Amino acid sequence: MAVQLPYGVGWIIGNFMIVELAGGDNEGRVYGLITMVANLSSPFAQALTLVINQPLNLTTARIQADDISIRTDLIYAVLTRPYFRGLS
């Protein structure tokens, strides 16, 4: 429970700021829009990660075999993160 406390405080502060920054009569719409986008981003990111990493076939057995093909796949996996971070 103590691990989740900072996330809870961040959620409360974030929601408070969303409502306060929204204009007078459209607080509900702005809050709904922002929370919808925030809730959709996590499943979309997980699905995109699975699609991108599937061709690499990173498994524990391949990593333990330690051949050149798994090393190449790991390099591609490590380099995709900064590429997409820069792209975003």
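Each step along the sequence shown adds one to the number in the UniProt record's numbering, with nothing skipped, and position 82 is 82. Even for Gly, the Cβ is constructed at its ideal location relative to N, Cα and C. Just so it is clear, the structure is predicted and the values come from calculations on it, not from any experiment.
{"Check": "If the criterion is Cβ atoms closer than 8 Å, does the pair ALA45 and LEU58 meet it?", "Outcome": "no"}
{"Check": "Quick check on this structure: which residue in ARG71, TYR7, ALA61, ASN15 has the alpha carbon closest to the alpha carbon of THR35?", "Outcome": "ASN15"}
{"Check": "Hey, out of GLY32, ILE52, VAL19, ILE70, whose CA is closest to THR80's CA?", "Outcome": "ILE52"}
{"Check": "If we call anything under 8 Å between Cβ atoms a contact, is LEU56 one with ASP73?", "Outcome": "yes"}
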